[in-house]
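In the numbering used here, the protein residues as written are 11 to 238.
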Amino acid sequence: MVAIPYLGIDVQKLSLDEKAEILFLDQGLTTAVVLAVIFTVARTFEPLPLDILRYDLKEPFNLQKGWLVWSGIGLVGAVGAIALTGVALSLFRTEAPEREVDSLMKLLPLIGSSNISTLSLVGITGVLAPLLEETVFRGFFMVSLTKWVPTPIAVIISSAAFALAHLTPGEFPQLFMLGSVLGLSYAQTRNLITPMVIHGFWNSGVILLLTFLQVQGYDIKELLLQGN
């Protein structure tokens, strides 16, 4: 988005659909560039173990390493862990924290405005962002850490980095818990599809829920402000 003014594009004159499409293109290019760098670096260490940077859709129902089974377990675990974290924090906090809802407020005009905008946002939050972040934080960073520290410590460190990277200090505990669930799901299956599915459902679920509420006539801006 930073380069748009240099391309002679006036963002203020763009329609909501055009803004959503540009956001999708921007995230797509960012994802492609970062993944290209990671895989280029990884090639310098070939031959790599078969379970490194692995995206495998086979055997989804395998009880030990099935990506669909552990995605379901992880999603339930993430909801429970984050809910408990939120309740625990509410008992001790006296001031309202800065929250990730601020990011949603910026996207508010696009949410539910049209099918194109909604699909673009779901593509960003449910596909591209999970692909990028899980490859970086679980497939590359966490795996690299396991060369020097035990896997549980690598999960903790990578989860902290994941939470800090979102630049929302008030949401650090919840993001850390989500990162921990994502890290543990990857450690169990050694398959990046698993944390990607959990991450994708978590992200896009929020967008789809807000879209549904808006279609039903709710003032989602007011709902977000009340939640904050």
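Ideal placement from N, C-alpha and C gives every residue a C-beta, glycine not left out.
- By the criterion of a C-beta distance shorter than 7 Å, Leu-120 is surrounded in its chain by Leu-26, Lys-29, Ala-30, Ser-127 and Leu-131, once the five residues flanking it on both sides are discounted.
- Annotation note: the segment 149-216 contains the following uninterrupted alpha helix (DSSP H) runs of length 4 or greater, listed N- to C-terminal: 161-175 and 182-199.
- For Val-132, the uninterrupted alpha helix (DSSP H) segment begins and ends at 125-133.
- Taking the Cα of Val-137 as reference, the smallest distance to any Cα among Ser-214, Gly-189 and Leu-218 is reached at Ser-214.
- Lys-231 and Leu-118 have their alpha carbons spaced roughly 7 Å apart.
- Cβ neighbours of Asn-201 within its own chain (closer than 6 Å, five residues either side excluded): Arg-64, Asp-66 and Trp-77.
- In the structure shown, Lys-75 adopts coil according to DSSP, grouped into three states.
- DSSP, reduced to helix, strand and coil, places Thr-54 outside both helices and strands of the structure shown, so it counts as coil.
- In the structure shown, Gln-37 falls within a helical segment according to DSSP collapsed to helix, strand and coil.
- Taking C-beta atoms as the reference points, Gln-224 and Gly-122 count as a pair closer than 7 Å.
- Leu-177 sits exposed, since fewer than 16 C-beta atoms from the chains shown fall within 10 Å of its C-beta.
- Non-local C-beta neighbours of Lys-75 in its own chain, meaning closer than 6 Å and more than five positions away in sequence, comprise Thr-199, ordered along the chain.
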